[in-house]
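My numbering puts the first residue of the sequence shown at 1269, with every later residue one more than the last.
A virtual CB, placed ideally from N, CA and C, is assigned to each residue, including glycine.
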Amino acid sequence: MSDTTKPDTNDTIYDAVIIGSGVAGFTSAITIGKLGGRAVLVEKKKLGGVCVNYGCIPTKAMIAGVKLIDKLRKPDRMERMGVSILGYEAHFEKLMQWKDHVVNVSSLGVRQLISENHVEYIEGEARIIAPGKVKVGEKLLEAKKIIIATGSSSLSLPEVPIDGKSILASRHVLELDHIPKDFVIIGGGFIGAEFAGVFNLLGSRVTVIEFLPRLLPNEDEEISEAFTREYQKRGITVLADHKVIGREAQTLIIKNMKDSGIQKIPFEKALMAVGRVPNLPPELDSLGIHYSKKGIIVNEYLETNVPGIYAAGDVTELSLLAHLGIYQAEIAASNVMDTPRKACYEYVSSCV
């Protein structure tokens, strides 16, 4: 007996189906709309992706709050400017409420932008079944082009896997209900360095463990040295050239890579900030799309080796910065709409 059930179909043939609604995804969709095209944006989690919900926006909202604490810690300087501070108190719960408010406003802004640019939005898990064909549940979407913008996730270490309870990814830190007494950060890149500064100002005892010889190893050495001096002055312990090799209850076991010495570091919460991995769609192999462990391989037009399928943002080999993902999205969308543009990465700005 044959199965006569047919998937729901949509008579519309879109200019593009965009999979993932992070900055690269929604920017692609909006750009296509601005160019007069018809785009559909598919998201299985939260509109706005990591940047809006768990990354750039909420962390910068927290940083804005703790910067005020930093100023208030220097009353002598303020008094010289004619401002007297009688006292202050930091309320973590209210800081987190402020962070949530900023996220909600940003998410509403994204929703308004996609509406204004006539982008269709579908909640669900997308699967590419062939070039120009995407299934979301039982719904079949047909398009001239496809843009993969599925983003990235926090990388974990097998020695101390992320559990969401005491070993946290950055998204879990943004859901804390109290300030940890002892906060250990595994990884001294820009994510680790930012959270170290935030929780130091909130009153945590902060330790940063970095496998490479210095904090912010991808930045110029002068920048790294300046950050290290400032953080040490603020009471942050920086352990460069150290590797986490295990865990015993609420203690991390670390190894000094110079002399092989072993040290135990107690912690209440630990942030895993050792990097991110691309969210690669499982159907890449069946489609014949080339990729590496760093992400989907694209050309200067942001097109994969399979004609008509593009990729932008963290899921590619090239981007782990929101503004670079936006740039890639604009390039990909322009090429989808037959307005040829090539990407150039000669100058890429970043900040901590």
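Asked, Found
"For Ile-1577, the nearest candidate out of Ala-1411, Arg-1473, Pro-1448 and Leu-1480 (CA to CA)", "Ala-1411"
"Candidates Ile-1491, Ile-1416 and Gly-1455, of which the one nearest Leu-1570 by Cα", "Ile-1416"
"Residues near Arg-1609 by beta carbon distance below 8 Å, same chain, minus five either side", "Tyr-1569, Glu-1598, Ile-1599, Ser-1602 and Asn-1603"
"One or two residues paired with Ser-1421 in a DSSP bridge", "Val-1545"
"For Ile-1564 and Thr-1663, believed in contact at Cβ under 8 Å, the rounded distance", "Limits of the chain in this structure are 1269 at one end and 1620 at the other, which puts residue 1663 out of reach."
"Between the CA atoms of Glu-1357 and Leu-1340 - distance to the nearest angstrom", "10 Å"
"Option in Gly-1350, Leu-1586 and Ser-1289 with minimal Cα separation from Glu-1393", "Ser-1289"
"Backbone secondary structure at Pro-1399 - three-state DSSP", "coil"
"Close beta carbons around Gly-1455, own chain, < 6 Å, minus the five adjacent residues each side", "Ala-1541 and Val-1542"
"Same chain, Cβ closer than 7 Å to Asp-1509, neighbours up to 5 away in sequence not counted", "Pro-1481, Asn-1524, Met-1525 and Lys-1526"
"Delimiting residues of the alpha helix (DSSP H) encompassing Tyr-1499", "1489-1501"
"Asp-1368 (DSSP reduced to helix, strand or coil)", "helix"
"For Asn-1524: DSSP bridge partner residues", "His-1510"
"Proximity winner among Arg-1515, Asn-1372 and Val-1373, relative to Ser-1434 (alpha-carbon distances)", "Arg-1515"
"Contact between the stretch 1395-1411 and the stretch 1326-1335 (3+ Cβ pairs under 8 Å)", "no"
"Cα-Cα separation, Ser-1270 to Pro-1550", "Reliability fails at Ser-1270, whose pLDDT of 33 lies under 50, so the model's placement of it is uncertain and the value that follows must be treated cautiously. Spanning the two alpha carbons is a distance of roughly 28 Å."
"Collapsed DSSP secondary structure at Tyr-1578 in the structure displayed", "strand"
"Coil, strand or helix - Thr-1272 by DSSP", "Confidence in Thr-1272 is poor, its pLDDT being 32 and thus under 50, which makes the residue's placement unreliable; the coordinate value appears in the next sentence. Three-state result, Thr-1272: coil."
"For Val-1620, three-class secondary structure by DSSP", "coil"
"DSSP state of Arg-1345 mapped onto helix, strand, coil", "helix"
"Buried versus exposed, by CB contacts within 10 Å (16 or more), Tyr-1499", "buried"
"Residues that Phe-1451 bridges to, as DSSP identifies them", "Val-1474 and Lys-1537"
"Three-state secondary structure (DSSP) of Gln-1695", "As shown, the chain starts at 1269 and ends at 1620. That puts residue 1695 outside it, with no answer to give."
"Reference Glu-1406; option with closest CA among Glu-1391, Lys-1501 and Ile-1298", "Glu-1391"
"Terminal residues of the beta strand (DSSP E) in which Leu-1309 lies", "1307-1311"
"Contact set for Lys-1302: own chain, Cβ-Cβ below 8 Å, skip 5 residues either direction", "Asn-1385"
"Limits of the beta strand (DSSP E) - the one that Ala-1411 falls within", "1407-1416"
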